[in-house]
Every structure is written in structure tokens, then in C-alpha cells.
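J.: Quick one: structure below, then a few questions.
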Amino acid sequence: MDMSASLSAYQQSQVLSDNPDYLGRELYRAVYRDLLGMKTALEQQKWDQLVNLGSHAQLIVSALHDVADISSEAGKAFKTVNRGIWQYLNDVMRLHDLTKLEEVGHIVSDLIHQLDQRLKMTIHHDSSHLGWSG
């Protein structure tokens, strides 16, 4: 077993996990997976599964909302977006609204894409530009 390769992978994962953009992207990806499951649950009229997945997504979104750095305009906008996502998820669960589910899916997908672009940049960015206090 090549220990240097394992150590390198560990060090790389530690560097990535210290990056708030990477963590945010992974959390939004988890939300997106929940949204895909919610769509299936809506189509199959499995209301318990819909609420279970929606509640899980809301927990993640609430955590992202809570780390917003409100001392900046970007932080205030970030907090507002996450509050909106939380409310949309609530509406989807209560009203079984596929249109709102698709809208929130587009929002989360756009956030993931923006974070992907930021992670591809070679220059260092301050995490406050996105609005969280990472």
C-alpha cells in the first residue's frame, strides 16, 4: 500500500474541507439530492417521504442561513436567499407544489454552479464575498 498517496489524499481533503466554498457546495449538493428525492415522492404521492426529505433539506439550509456574516451586503443577501429556500421547501411540503420545488431546484443548482466556478479559480478569495463567516 502506498502510504504517501494516502497521506496526500488526506492532506488534500483537509485543505478542501477547510475551504468554506467547498463545504457550502457539498451542503448544497446534499440539498439538491433531497430535492430530487422530493420530486419522486411528490410524483408517487409518498407524503411521509416528501416531508422527511424536505425537513432534512431545511436543516441544512437553516445551518447555512445561520453562518451568514450579516456585516456585509453579500452576507445579508446570502441569509435572505437561504430564508427563501427554507420557505419554498415549507410550501412544497405543505401544498405539494411541484412548481415551487422546480424553482428551488433551479436556485440550488445555480448556487452549486457559482461555487464550482469559485473553486476552479486559482486565486484566493475571501470567504466573505459569498456571505458566510467561514
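Just so you know, this note's numbering puts 149 at position 132 of the sequence shown, and the rest follows in order with no gaps. A virtual CB, placed ideally from N, CA and C, is assigned to each residue, including glycine.
Report all residues from its chain with a CB closer than 6 Å to the CB of Y45; omit the five preceding and five following residues, and keep chain order.
T.: Cβ within range, chain order: V125, L128, I129.
J.: So does the stretch 85 to 96 actually touch the stretch 62 to 77, counting three or more Cβ pairs closer than 8 Å?
T.: Flag = no, the stretch 85 to 96 and the stretch 62 to 77 do not touch.
J.: How about V50 and L136: do their beta carbons lie closer than 8 Å?
T.: Here the sequence assigns Arg to residue 50, which means Val is not the residue at that position. No, these two residues do not count as a Cβ contact at 8 Å.
J.: What does DSSP give as the partner residues of A91 in its beta bridges?
T.: According to DSSP, A91 bridges with nothing at all.
J.: Identify, in the order they occur along the chain, each residue of the same chain with its Cβ nearer than 7 Å to the Cβ of L52, setting aside the five sequence neighbours on each side.
T.: Closer than 7 Å at Cβ, skipping near neighbours: A74, L118, V121, G122, V125.
J.: Can you name, in chain order, every residue of its own chain whose Cβ lies under 7 Å from the Cβ of Q131, other than the five neighbours on each side?
T.: So no residue of the chain qualifies.
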